[in-house]
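Each remark here refers to the structure printed beneath this line.
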Amino acid sequence: MRSLTTKSKITRRDSMWGLFFVATPVLSVVLFVFLPALLSIYISTIEWNGFIPIGQASFVGLKNFAAFLSSGGLYTKEFLNSLYVTLVLMLFIPFNIIISFLLAFVLNRKRTIMKNTIRLIYFLPFVSSAVAITLVFKNLFDINGVVNSLFSLLGFGSIDWLRSPGLSRIVIITMLVWRNIGYTMLMYLAGLQGIPDDIYEAATIDGAGVWKTITKITLPSLTNITFFLVVTNVITGLQIYTESAVLFQSSFGKGPLNGTESMMIFLVYLYTNNNLGMASAISWAITILVLFATYIQFVWRKKRESL
Amino acid sequence: MISQAPANLHGKKTFIEVLIFGVLALFGFCMLYPFLWMLFTSLKPLQEVYTTGLFNHGWVFRNYVDVWSKVDILSGLKASILFSVGITVSQILTSSMAGYAFAKIKFPLKNMFFFIVLSSMTIPYVTLMIPQFMMLEQFGLVTNGPWGYIIPRIAGGAATIFFVRQYCYSIPDALIESARIDGAGQGKIFFRIILPLLIPVVTVQGLFIFIFIWNDYLGPSIFLIKKEWWTIQLFAARFSAGQTGSVGTANIPIQMTVAVIITIPLLILFLYAQKHIVNSLMASGIKE
């Protein structure tokens with residue numbers, strides 16, 4: 001059958017169909033990714049409030065970048081704070097990774113009771129709406145909320161979680177861990193199922209204990225998954241927005257003493273204040289960090305493939 | 308529950324299993340608690356929010372009636388359903404067409420186009436949203452309606468296209484060739500033969516897109532300016548915004564009613580398709 005058709009020749013009708021089929025995504029990428037990216041570079045070099053035509057905005061070169069990167073710049077303090085807040089919020093990553101691994105390890109055991117139901121329950125938060133859940137957590141961590149009731153049962157006093165910058169960040173970290181455990185656990189379960197049983201059997205015959213089996217066999221075979229999870233978590237972590245924004249709507253997500261002002265919150269704040277040049281410059285700071293994380297992942301993959 | 312464990316286990320082993328189960332169940336309860344709190348609070352009268360425990364003295368469905376008059380929930384639901392369903396269908400269709408073409412049709416500059424599509428993955432949305440807004444606003448597409456939000460989301464994303472393309476490679480060429488010999492054009496082949504084959508793959512991808520668009524907050528908060536086009540997420544967040552500060556005055560049961568209404572469609576969808584979702588995620592995990 002194959003010999004009947006013109007296998008290697010590109011026919012005109014096929015070309016038309018092919019181009020037609022890929023047209024929407026390709027045009028969309030050019031119009032809504034490439035063009036905005038270029039425009040964004042330009043906007044980051046002008047002083048623009050969005051009300052005057054972009055051509056009339058004055059060109060300021062790297063002034064916007066200097067305003068948050070140079071020492072003593074107008075926004076340097078706020079940017080460094082937002083960078084610090086973002087990094088602190090990213091502490092959800094180690095908690096997420098460790099708890100998820102432990103859960104996956106236990107759920108992967110053959111004997112564990114009701115493991116499918118438990119797995120399903122742990123996964124539910126991953127599909128929940130961030131807005132709805134933030135509203136719930138806001139009440140759970142309220143001064144009269146259930147977390148404080150639990151603490152007072154244990155003999156602690158009431159804690160005003162949402163009025164302290166540090167404690168507010170703990171609330172957000174808890175929320176992020178709660179949301180992400182299900183997905184991370186599934187990834188680890190998949191990884192654990194990929195480890196052949198006979199390796200474990202061999203280890204048991206050789207007299208390796210549980211601890212030794214975990215550190216010498218299980219963890220090394222999960223290095224790639226862990227790396228992938230850390231990088232993707234870092235990429236999402238750099239762009240944390242909704243949790244802060246909904247938790248502290250009245251202060252545009254900045255929270256008590258700007259304690260939950262992540263880089264994204266800072267960016268959107270500049271944007272809503274029509275400081276578009278600055279907002280674009282900040283967006284490139286975030287983008288470069290994201291690209292760096294992506295690049296590390298890329299290099300890692302290459303290295304792995306060449307092994 | 309216990310009957311699932313083999314009967315010949317020693318007492319000590321059974322005890323350990325029960326202990327492990329106890330810890331897992333307790334942790335599971337913590338994972339479920341926010342959902343339970345949301346549901347039970349939505350069924351409480353305002354005064355009872357912090358005075359009673361998780362459960363209430365009497366069931367109050369009043370909040371579900373009141374919510375219609377206090378929040379524009381119908382308008383929000385309409386917008387959310389419209390965007391989520393519309394964008395999901397359109398992204399699935401466009402990425403199926405593109406994925407198929409990239410895998411099975413010969414046309415000029417194919418590799419370059421594929422590279423263009425894939426390269427879009429490297430640039431995060433943060434950079435794009437402001438200039439996208441400016442560009443679309445130039446044509447009056449943001450202030451006058453929902454198009455500023457919809458248009459950049461019509462086409463399927465690189466990940467879905469890549470996924471469909473991989474799947475299309477497993478479709479035998481003979482199937483396509485025999486249809487061509489019968490005189491079918493590429494359009495007919497795609498809609499009659501390929502698309503039905505893709506249904507199981509794109510269903511899962513479609514669910515992810517649906518969940519993402521339904522839960523999206525950043526996009527709508529920037530691109531949906533007119534209140535008539537606010538999604539349910541915007542209504543939920545902004546309705547609660549006027550009520551920060553003293554909790555005593557905030558109408559938390561109504562907030563939670565909105566939260567339940569936002570969450571329920573997703574939970575139903577997820578429970579309905581959980582096996583496919585979990586399997587698909589696990590498969591991607593194995594690849595990593």
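So the protein sequences, as listed, match chains D and C. Each step along the first sequence adds one to the number in the numbering used here, with nothing skipped, and position 158 is 158. Basically the numbering used here = 1-based index in the second sequence + 307. Cβ atoms here follow ideal geometry from the backbone N, Cα and C, with glycine treated the same way.
- In the three-state reduction of the DSSP assignment, Glu261(D) falls in the coil class.
- Here DSSP, grouped into helix, strand and coil, assigns Ser58(D) to strand.
- Annotation: Cβ neighbours of Ile327(C) in chain D (cutoff 9 angstroms, chain order): Val106, Arg109, Arg111, Thr112, Ile113.
- In the displayed model, Ile46(D) falls within a strand according to three-state DSSP.
- At a cut-off of 7 angstroms between beta-carbon atoms, Asp197(D) makes no contact with chain C.
- Between Ile529(C) and Met436(C), the C-beta gap is smaller than 7 angstroms, which places the two residues in contact.
- Look at the segment 103-165 of chain D and you find these whole runs of alpha helix (DSSP H), each 4 residues long or longer: 115-123, 130-140, 146-153.
- Legend: CB atoms of the segment 275-293 of chain D lying less than 7 angstroms from CB atoms of chain C belong to residues Leu276, Ala279, Ser280, Ser283, Trp284, Ile286, Thr287, Val290, Leu291.
- Here Lys495(C) is exposed. Its C-beta has fewer than 16 other C-beta atoms within 10 Å.
- Rounded to whole angstroms, the gap between the alpha carbons of Tyr340(C) and Asn274(D) is 40 angstroms.
- Setting aside the 5 residues that flank it on each side, Ala67(D) is surrounded in the same chain by Gly73, Leu74, Tyr75, Met278, each with a C-beta closer than 7 angstroms to its C-beta; the list follows chain order.
- In this structure, Met90(D) lies near Gly237(D), with their beta-carbon atoms less than 7 angstroms apart.
- The shortest C-alpha to C-alpha distance from Val60(D) to any of Leu150(D), Glu47(D), Val147(D) is the one to Glu47(D).
- Under the three-state reduction of DSSP output, Ser349(C) falls in the coil class, being neither helix nor strand.
- For Met90(D), no chain C residue has a Cβ inside 9 angstroms of its Cβ, as the nearest lies near 15 angstroms away.
- Only residues of its own chain outside the window of five on either side were considered, and among them Ile217 have a CB closer than 7 angstroms to the CB of Ile199(D), listed in chain order.
- Measuring C-alpha to C-alpha distances from Phe105(D) to each of Glu261(D), Leu189(D), Lys254(D) identifies Leu189(D) as the nearest.
- In chain order, Ile97 place their CB closer than 7 angstroms to the CB of Thr226(D), counting only its own chain and leaving out the 5 sequence neighbours on each side.
- With respect to chain C, the C-beta atom of Ile10(D) has a partner C-beta closer than 7 angstroms.
- Runs of the alpha helix (DSSP H) spanning 4 or more residues and lying entirely within the segment 184-237 of chain D occur at 197-205, 210-213, in chain order.
- Taking 9 angstroms as the upper bound on Cβ-Cβ separation, chain D lies near residues Val330, Leu331, Ala332, Phe334, Gly335, Phe336, Cys337, Met338, Leu339, Tyr340, Pro341, Phe342, Trp344, Met345, Thr348 of the segment 330-348 of chain C.
- About 32 angstroms separates the CB atoms of Gly335(C) and Ile265(D); that is not less than 8 angstroms, and the two are not in contact.
- For Leu574(C), the closest alpha carbon among the candidates Ser485(C), Ser591(C), Leu346(C) is that of Leu346(C).
- In this structure Met175(D) is buried. Its beta-carbon is surrounded by 16 or more other beta-carbon atoms within 10 angstroms.
- Assigned with DSSP and collapsed to three states, Leu416(C) falls in coil, not helix or strand.
- Three or more Cβ pairs closer than 8 angstroms define a contact, and the segment 127-136 of chain D meets that threshold against the segment 561-581 of chain C.
- In terms of Cα proximity to Asn139(D), the closest of Leu247(D), Gly155(D), Gly255(D), Ser251(D) is Leu247(D).
- For Ser427(C), there is no enclosing alpha helix (DSSP H), as DSSP marks it with neither H nor E.
- Cα atoms of Thr401(C) and Phe21(D): separation of roughly 7 angstroms, rounded to the nearest angstrom.
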